[in-house]
Structures are given as structure tokens and as C-alpha cells.
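Engineer: Mind looking over this structure? Questions follow.
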Amino acid sequence: VTLWGTRGSQASPGPETVRYGGNTSCIEVRNRAGDLLVLDAGTGIRRLGDTAPPRSGRVDVLLSHLHMDHIQGLGFCGWLYQGDVEVHVWGPASTTMDLRTRLTRYLSAPLFPVHLRDLPSVSLHDIPFGRVPVPGFTVDAALVCHPGPTVGYRVGSDGATLAYLSDHEPALCSGGFRAGPRWTSGFDLARAADLLVHDAQYTTDEYAERIGWGHSALEHTIEFATATEVKCLMPFHYDPGHDDRTLDARFAAAAQVVADRFTLVPALEGVTVSVDGSGAGA
Amino acid sequence: VSQLPVEVILMRELAAHLATPIFVVDPDGSLLFYNEAAERILGTRYDETGRMPVAEWSTRFEPTDDEGMPIAPDDLPLVIALRERRPVHALFWIRGFDGERRRLGVTAVPLVGLVEYPLGAAALFWEAPTCE
Numbered sequence: 152v153t154l155w156g157t158r159g160s161q162a163s164p165g166p167e168t169v170r171y172g173g174n175t176s177c178i179e180v181r182n183r184a185g186d187l188l189v190l191d192a193g194t195g196i197r198r199l200g201d202t203a204p205p206r207s208g209r210v211d212v213l214l215s216h217l218h219m220d221h222i223q224g225l226g227f228c229g230w231l232y233q234g235d236v237e238v239h240v241w242g243p244a245s246t247t248m249d250l251r252t253r254l255t256r257y258l259s260a261p262l263f264p265v266h267l268r269d270l271p272s273v274s275l276h277d278i279p280f281g282r283v284p285v286p287g288f289t290v291d292a293a294l295v296c297h298p299g300p301t302v303g304y305r306v307g308s309d310g311a312t313l314a315y316l317s318d319h320e321p322a323l324c325s326g327g328f329r330a331g332p333r334w335t336s337g338f339d340l341a342r343a344a345d346l347l348v349h350d351a352q353y354t355t356d357e358y359a360e361r362i363g364w365g366h367s368a369l370e371h372t373i374e375f376a377t378a379t380e381v382k383c384l385m386p387f388h389y390d391p392g393h394d395d396r397t398l399d400a401r402f403a404a405a406a407q408v409v410a411d412r413f414t415l416v417p418a419l420e421g422v423t424v425s426v427d428g429s430g431a432g433a
Numbered sequence: 017v018s019q020l021p022v023e024v025i026l027m028r029e030l031a032a033h034l035a036t037p038i039f040v041v042d043p044d045g046s047l048l049f050y051n052e053a054a055e056r057i058l059g060t061r062y063d064e065t066g067r068m069p070v071a072e073w074s075t076r077f078e079p080t081d082d083e084g085m086p087i088a089p090d091d092l093p094l095v096i097a098l099r100e101r102r103p104v105h106a107l108f109w110i111r112g113f114d115g116e117r118r119r120l121g122v123t124a125v126p127l128v129g130l131v132e133y134p135l136g137a138a139a140l141f142w143e144a145p146t147c148e
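This is the structure in C-alpha cells:
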């Protein structure tokens, strides 16, 4: 699992964010056979798209939702313009529009010079809730608590399981997690995952002023990871206003809280972690 | 224990913040929850009843019409809303768990998920004036 973009809301490059990263959400997932799956197409996907495509010639891009920080890099991903790379983009439809219609709002004039229909090797798929047919992986998608149609993913391959809930506010609708698994958004996706990549945008004080915006305080992320009994938690989707020093301090404090409940591995742009049946590590 | 669809989870959260009594069932008609405002009318807390199959809750409250005739489960607004996927409104009597008989106005609506899958149905209700 390689992190190409870890930031939430807006890209925030600069010397103060160089270690945790300034690009928005994008994660590369490769299995031992070399199959490639990409989670979200934030600004981080541009650099990923400059690397060699997989031998299979197929890339599956799974969008969690269509907020700009999750799609902004799509039009800058080089693989879309190489006729020999088959790019399958999956994402949620709305009640009235399919993915193509929704995505075309961005990938068309006046916001973008190239229209989706001019990219013949790109196929768009409305995400089915439940099993998603992606070669080389078992992928399950389910709606999660975040404004607008938003899905989380559970990805399995080679005996390892990754849960990806980049934008998620479980604290909004689970009564502070007191209502149990049945009433906790995202629970089945994350349950006992080897690696949970989860929204950790806010401090507790910030969250109090942003309830309903669809994101989590780190404290909620830790509660959610504890409730779902994951082996490793990777906080993700950092607020653009949080610099490296701020995040260092947050995670040092969080490590004391987490103790030995699970491994805490903050997302760092450019880092690759291996995931197996016992958790995740560099 | 499997997690419920997030739409249902959000529905419960909404209901928890409303003073309008709300009663929600799953696609099979089993009671999923009712909110605090509904507890006052039904005469007991949800925590004390828990989940109930349709056959149980539809008779437990002894629904009757204004003439005192029992209403069959299939003719209750929630059950019609589920079966026919349309909103239904009705006035009828129930007996709460506290033994009190109350006349209710009930509007039941089917709950349909983002891609048209059935999530169940919700009844919004309130105490209605009696006929006397």
C-alpha cells in the first residue's frame, strides 16, 4: 500500500507539510500478482500516473465520493491518455445521476479542457453496493456517514484485508458508539481489518464546531478502530491547516491513548506499507 | 451482528433529535426502533421492547377503528406502505404498553435506499382528537 496523497479537503503543499504530505487522497494498492487498485483520485494520483502501469494493462480506480479532493487529480493521471492502459473508474451514483454524468460536471468545460468522452480507454462504473468485480482483489463497498453519496471500501488480497474510510463521521450517528456494531456506520467494512485507513481530520475542539461536515476527530477514529478491533490504524485525510509539527504532537498523544490496542501508523505521503494477516508495517 | 444500512442509521439519528414520534421497521416489517417521542405514546421505552417481528407489534398495540373493530395487521399503514411502496395515512386507536387507549393519526412512508433498494418504512404519528 503506497500513499500518494494523505491530505483532506484541499492540497496543502509547503515546507510545513512536507513529511505528512500536501497532496489529497490517493492510495495505491498492489497485490503479489501485480494487480493494481487505486483508492481515490485526489491530487496525489498525478505522480502515481507517471509510474509504469501494471503488466496487466488494467488499473481500477475506486472513488469514495466526488468531492474535489478525491477527484481533482483524475484528469492529470497519465494513464488516462495512454491508449494501451485500460482504466476502470468506479464511484457512487446519486439518486438522479449516474457516475458519468456526475463526473462530467468536472471533466468538461469550463472546468477542464478534456471531455471524458475523448478518453476511450476509460470506463466508468456506478459502484454496486456489496461486491465490486475488480480483478485480483475482493472488494466490498458500502455507503458510510458523510454528506452526499459516499462509500467506504473493504479490500482483500493475498490473505490481507484493508479497510478504507477516508471521509467518515461515525460519531454523528452511533450515539458515541454506545449503540453497538449494528448502529455504527462503517462497522462491517472495518471489522477486524489488518489495516484501517480512516479519516482523522480534526482535533476534538475543531470537531465540535464542524459536526455534520462528514469527518472525524482523531479521538473518534481511535474509538472506531477499537470498536472494530482492527490490527492497525492509519489516520488519514489530514486537515489542510495542520502542519507536520501539529500532527506529530497529535499522534504522540494518541499513541499514549492507544497503548497496545492496535498499531498506530500515521499516513505519510510517499511511504509504502506491507499489509498481511497480522497487520501492517513499513 | 451485521451493521444496518447507513441510511437507517442516519434515520435513527434524525428521529432521536425530533419531537415527532417515529416508528421504523425493516423490509420484513420487523421493528427497528422508535424514538423517545414515540415512547411516550406507546407507553414504554424502546430499550424495553427491543426488536419485534411484524406479527407481534401489529397485534400488541390492539389497533382498532373508531367503531372499536380490530384492524388486521395487513391493513395497518406501515404494513401497506411496505407492501405497496406508497405513503398511507390513517386514524385509529391503539392500547399502549401502559394500558392507555389513544387515538392516533399515522402517516407511513416507505424508505427507499440510494439505488432504489428497500430499507423498510417509517411511521410518523401523533395523538389525534377523539370523535366525541
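Protein sequence lines, in the order shown, are assigned to chains A and B.
If you're matching positions, the first sequence starts at 152 in the working numbering and goes up one per residue.
If you're matching positions, the second sequence starts at 17 in the working numbering and goes up one per residue.
Idealized CB from N, CA, C, for every residue including glycine.
The structure presented is a predicted model; accordingly, all values stated were derived computationally and were not measured.
For the structure I just gave you, are there three or more beta carbon pairs, one from the segment 252-265 of chain A and one from the segment 192-205 of chain A, closer than 8 Å?
Structural biologist: Segments in contact, no.
Engineer: Do we get a CB-CB distance below 8 Å when we pair E29 of chain B with the residues of chain A?
Structural biologist: Numbered from its first residue, the second sequence carries residue 29 of chain B at position 13. Chain A, which has a Cβ nearer than 8 Å to the Cβ of E29 of chain B, makes this yes.
Engineer: Closer than 8 Å is the cut-off here; do at least three beta carbon pairs connect the segment 362-372 of chain A with the segment 297-307 of chain A?
Structural biologist: Judged by Cβ distances under 8 Å, the segment 362-372 of chain A makes contact with the segment 297-307 of chain A, as three or more pairs qualify.
Engineer: If I measure Cβ to Cβ from V189 of chain A and keep anything under 8 Å in the same chain, skipping five residues before and after, which residues do I get?
Structural biologist: The residue you call residue 189 of chain A lines up with position 38 of the first sequence. Excluding positions up to five away in sequence, the list reads C177, I178, E179, V180, I196, L199, V210, D211, V212, L213.
Engineer: Flag P284 of chain A as yes if its beta-carbon sits less than 8 Å from any beta-carbon of chain B, otherwise no.
Structural biologist: As a first step, residue 284 of chain A is located in the first sequence; it is residue number 133 there, counting from the start. P284 of chain A does not count as touching chain B.
Engineer: Measure how close the beta-carbons of N51 of chain B and L34 of chain B come, nearest whole angstrom, since I'm counting them as under 8 Å.
Structural biologist: Translated into positions along the second sequence, residue 51 of chain B becomes position 35. Translated into positions along the second sequence, residue 34 of chain B becomes position 18. Contact flag correct, Cβ pair sits at about 7 Å.
Engineer: Can at least three beta-carbon pairs, one atom from the segment 418-428 of chain A and one from the segment 96-107 of chain B, be found at a separation below 8 Å?
Structural biologist: The segment 418-428 of chain A vs the segment 96-107 of chain B: no contact.
Engineer: Any beta carbon from chain A within less than 8 Å of P69 of chain B's own beta carbon?
Structural biologist: By one-based count along the second sequence, residue 69 of chain B stands at place 53. Chain A contact via Cβ: absent.
Engineer: Using a Cβ-Cβ cut-off of 8 Å, state whether W241 of chain A counts as contacting chain B.
Structural biologist: Translated into positions along the first sequence, residue 241 of chain A becomes position 90. For W241 of chain A, the answer is no, since every Cβ of chain B falls outside 8 Å of its Cβ.
Engineer: Is the segment 67-86 of chain B in contact with the segment 337-356 of chain A, if contact means three or more CB pairs nearer than 8 Å?
Structural biologist: Contact between the segment 67-86 of chain B and the segment 337-356 of chain A is absent, because fewer than three Cβ pairs lie under 8 Å.
Engineer: Under 8 Å, Cβ to Cβ, is there at least one residue of chain A near S46 of chain B?
Structural biologist: For the purposes of this step, residue 46 of chain B is identified with residue 30 of the second sequence, where counting begins at 1. Judged by the 8 Å Cβ criterion, S46 of chain B is not in contact with chain A.
Engineer: List in chain order: all unbroken beta strand (DSSP E) runs of 3+ residues lying wholly within the segment 215-249 of chain A.
Structural biologist: The qualifying runs are 237-242.
Engineer: Going by DSSP, what residue range makes up the beta strand (DSSP E) through L47 of chain B?
Structural biologist: By one-based count along the second sequence, residue 47 of chain B stands at place 31. 47-50 is the span of the beta strand (DSSP E), which, as asked, contains L47 of chain B.
Engineer: To the nearest angstrom, how far is the alpha carbon of P89 of chain B from that of A124 of chain B?
Structural biologist: Your numbering for residue 89 of chain B matches position 73 in the second sequence. Your numbering for residue 124 of chain B matches position 108 in the second sequence. Their backbone Cα atoms lie some 14 Å apart in a straight line.
Engineer: If we call anything under 8 Å between Cβ atoms a contact, is P164 of chain A one with G173 of chain A?
Structural biologist: Counted from its first residue, the first sequence places residue 164 of chain A at position 13. Counted from its first residue, the first sequence places residue 173 of chain A at position 22. For P164 of chain A and G173 of chain A, yes; Cβs fall inside 8 Å.
Engineer: Using a Cβ-Cβ cutoff of less than 7 Å, which residues in the same chain neighbour H138 of chain A once the five nearest sequence positions on both sides are dropped?
Structural biologist: The shown model of chain A, from 152 to 433, leaves out residue 138 of chain A, and the question about it has no answer.
Engineer: For T168 of chain A, which residues of its own chain have a beta-carbon under 7 Å away from its beta-carbon, when the five flanking residues on both sides are left out?
Structural biologist: Start at 1 with the first residue of the first sequence, and residue 168 of chain A comes out as number 17. Contacts found: D394, D395.
Engineer: Am I right that D350 of chain A and S317 of chain A are in contact with their C-beta atoms under 8 Å? What's the rounded C-beta distance?
Structural biologist: Stepping through the first sequence from its first residue, residue 350 of chain A is reached at position 199. Stepping through the first sequence from its first residue, residue 317 of chain A is reached at position 166. Going by Cβ atoms, the distance from D350 of chain A to S317 of chain A rounds to 6 Å, so yes, they are a contact pair.
Engineer: Provide the residue span of the alpha helix (DSSP H) that contains W73 of chain B, from first to last.
Structural biologist: As a working note, residue 73 of chain B is residue 57 in the second sequence. 70-76 is the extent of the alpha helix (DSSP H) around W73 of chain B.
Engineer: Kindly list, in the order they appear in chain B, the residues whose Cβ is closer than 9 Å to that of D339 of chain A.
Structural biologist: Locating residue 339 of chain A in the first sequence gives position 188, counting from the first residue. Per Cβ cutoff of 9 Å: S18, Q19.
Engineer: How is T312 of chain A classed by DSSP in three states: helix, strand or coil?
Structural biologist: Residue mapping note: residue 312 of chain A aligns to position 161 of the first sequence, counting from 1. T312 of chain A: strand per DSSP, three-state reduction.
Engineer: What residues of chain A sit near E23 of chain B, judged by a beta carbon separation below 8 Å?
Structural biologist: Numbered from its first residue, the second sequence carries residue 23 of chain B at position 7. Correct list: L294.
Engineer: Give a yes or no on contact between the segment 137-148 of chain B and the segment 83-97 of chain B, applying the rule of three or more CB pairs nearer than 8 Å.
Structural biologist: Because the criterion of three Cβ pairs below 8 Å is met, the segment 137-148 of chain B and the segment 83-97 of chain B touch.
Engineer: Keeping to the same chain, check which residues put their C-beta closer than 6 Å to that of T312 of chain A; ignore five residues upstream and five downstream.
Structural biologist: Locating residue 312 of chain A in the first sequence gives position 161, where the first residue counts as 1. A344, D345, listed in sequence order.
Engineer: Can you give me the C-alpha to C-alpha distance between R333 of chain A and D82 of chain B, rounded to a whole angstrom?
Structural biologist: The residue labelled residue 333 of chain A in the question sits at position 182 within the first sequence. The residue labelled residue 82 of chain B in the question sits at position 66 within the second sequence. Going from the Cα of R333 of chain A to the Cα of D82 of chain B covers about 39 Å.
Engineer: Would you tell me roughly how many angstroms separate the C-alpha atoms of P204 of chain A and S272 of chain A, rounded to the nearest one?
Structural biologist: The count along the first sequence starts at 1 and reaches residue 204 of chain A at position 53. The count along the first sequence starts at 1 and reaches residue 272 of chain A at position 121. For P204 of chain A and S272 of chain A, the distance between alpha carbons rounds to 13 Å.
Engineer: Flag R401 of chain A as yes if its beta-carbon sits less than 8 Å from any beta-carbon of chain B, otherwise no.
Structural biologist: As a first step, residue 401 of chain A is located in the first sequence; it is residue number 250 there, counting from the start. Output row for R401 of chain A: interface = no.
Engineer: Output the boundary residues of the alpha helix (DSSP H) element that contains T408 of chain A.
Structural biologist: Position 257 of the first sequence holds residue 408 of chain A. The residue asked about is misnamed: residue 408 of chain A is Val in this sequence, not Thr. First-last of the alpha helix (DSSP H) with V408 of chain A: 395-409.
Engineer: Starting from F375 of chain A, trace the beta strand (DSSP E) in both directions and tell me its first and last residue.
Structural biologist: Stepping through the first sequence from its first residue, residue 375 of chain A is reached at position 224. From DSSP, F375 of chain A is part of no beta strand (DSSP E) but of the alpha helix (DSSP H) over 369-379.
Engineer: With distance defined between alpha-carbon atoms, name the residue in B:P21, B:Q19, B:L120, B:V131 nearest to T80 of chain B.
Structural biologist: As a first step, residue 80 of chain B is located in the second sequence; it is residue number 64 there, counting from the start. Residue B:L120 is the option with its Cα nearest to T80 of chain B.
Engineer: Of the residues that make up the segment 95-114 of chain B, which ones have a beta carbon closer than 8 Å to any beta carbon in chain A?
Structural biologist: Taking 8 Å as the Cβ-Cβ cut-off against chain A, none of the residues of the segment 95-114 of chain B qualify.
Engineer: Pick helix, strand or coil for W334 of chain A, following the three-state DSSP scheme.
Structural biologist: Indexing the first sequence from 1 puts residue 334 of chain A at position 183. Helix at W334 of chain A.
Engineer: Can you find the residues in the same chain that come closer than 7 Å, C-beta to C-beta, to F387 of chain A, ignoring five residues on each side of it along the sequence?
Structural biologist: In the first sequence, residue 387 of chain A corresponds to position 236, counting from 1. Contacts found: T157, S317, V348, H349, D350, A351, A418.
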